[in-house]
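In my numbering, the protein residues as written are 5 to 161.
Yeah, the Cβ is synthetic: ideal placement off N, Cα and C, and Gly gets one too.
Quick look at the structure:
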């Protein structure tokens, strides 16, 4: 279970939630194989800029390429993952940070979402707060995140 931030190209005449819903309708849960990603020269150039800026802002990052897309993981104590396929991206933050660490990892993730927005034209959406990441509503994000961490500690451990 992760805290998820989605970055998508908004469909004409649709809100970000409506765009995500339309994209999710295309997903087939019975299909175990993700289609291979076909990155254009422009997608690769945007990725290179994202990696460069992430390295400048966060320090060393690990980058991997898979048939389904590209992955970036900042190194260090506040780890999370960015997956990018050229036309969308997702940030996955594990629910094992509490209090000040939650603020730090969410701030870092939102900063990376902003970098992706600037380099690709995609728009970020925090599914937990139901708000665009451009609003930078860290108070709501932290409240949602820490609330889930607390619930997990009380009910799952």
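Who does residue i pair with in a DSSP beta bridge?
i, result
"residue 7", "97"
"residue 16", "Residue 16 is not bridged to any residue."
"residue 92", "12"
"residue 66", "77"
"residue 125", "Per DSSP, none; premise fails for residue 125."
"residue 136", "129"
"residue 86", "76 and 95"
What span of residues does the alpha helix (DSSP H) with residue i cover, start to end?
i, result
"residue 59", "45–62"
"residue 150", "142–159"
For residue i versus residue j, is the C-beta distance shorter than 7 Å?
i, j, result
"residue 92", "residue 9", "no"
"residue 137", "residue 130", "yes"
"residue 86", "residue 95", "yes"
"residue 150", "residue 106", "yes"
"residue 57", "residue 109", "no"
"residue 70", "residue 113", "no"
"residue 1", "residue 15", "One cannot answer for residue 1 here, as it falls past the ends of the chain, which runs 5 to 161."
Give every residue of the same chain whose Cβ lies closer than 6 Å to the Cβ of residue i, excluding the five residues on either side of it in the sequence, and list them in chain order.
i, result
"residue 153", "99 and 102"
"residue 89", "41 and 73"
"residue 28", "none"
Note down, in chain order, each residue of its chain lying with its Cβ closer than 8 Å to the Cβ of residue i, except the 5 sequence neighbours on either side.
i, result
"residue 55", "65, 67 and 76"
"residue 21", "129 and 134"
"residue 59", "65"
"residue 17", "none"
"residue 111", "142"
Give me, in chain order, the residues of the same chain whose beta-carbon lies closer than 7 Å to that of residue i; leave out the 5 immediate sequence neighbours on both sides.
i, result
"residue 126", "11, 12, 13, 92, 93 and 120"
"residue 51", "74 and 88"
"residue 140", "114"
"residue 43", "90"
"residue 156", "99"
"residue 116", "58, 86 and 95"
**the stretch 68–84 / the stretch 135–146 touching (three or more Cβ pairs under 8 Å)** = no
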